[in-house]
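Enquirer: So that we are looking at the same thing, I have put the structure below in structure tokens.
See below:
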């Protein structure tokens with residue numbers, strides 16, 4: 003069974019309203035609006051929920067950034 007990473011391990015300051023932006027290996031820009039960041043999942047405005055394992059993989063993509071909603 004795969005071990006799920008938690009918010010504290012990957013992005014402890016992530017919160018609702020933050021934007022996650024990155025460019026895929028193929029050069030496509032992806033932007034996610036975070037609506038909720040729980041201990042195990044990130045919920046986005048459009049699309050499916052994401053795990054912190056997935057977020058950690060996205061962090062390896064070029065131009066990855068989290069734009070904070072202060």
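Residue numbers (my numbering): 3 to 72.
From the three backbone atoms N, C-alpha and C, an ideal C-beta is built for every residue, glycine too.
Per DSSP, which one or two residues make a beta bridge with residue 67?
Expert: Walking along the chain shown from the start, residue 67 turns up at place 65. DSSP, once it has assigned bridges, lists 23 as partnering residue 67.
Enquirer: So residue 45 and residue 32 are supposed to be a Cβ contact under 8 Å. How far apart are they, rounded?
Expert: On the chain shown, residue 45 is found 43 positions in, with the first residue counted as 1. On the chain shown, residue 32 is found 30 positions in, with the first residue counted as 1. Not quite, the Cβ-Cβ distance comes to about 16 Å (not below 8 Å), so this is no contact.
Enquirer: Verify whether the separation of the beta carbon atoms of residue 41 and residue 72 is less than 8 Å.
Expert: Working through the chain shown from its first residue, we reach residue 41 at position 39. Working through the chain shown from its first residue, we reach residue 72 at position 70. No, they are not a contact pair.
Enquirer: Buried or exposed: where does residue 20 fall if 16 or more other Cβ atoms within 10 Å of its Cβ makes it buried?
Expert: Position 18 of the chain shown, counting from 1, holds the residue named residue 20. Its Cβ being crowded by 16 or more others within 10 Å, residue 20 is buried.
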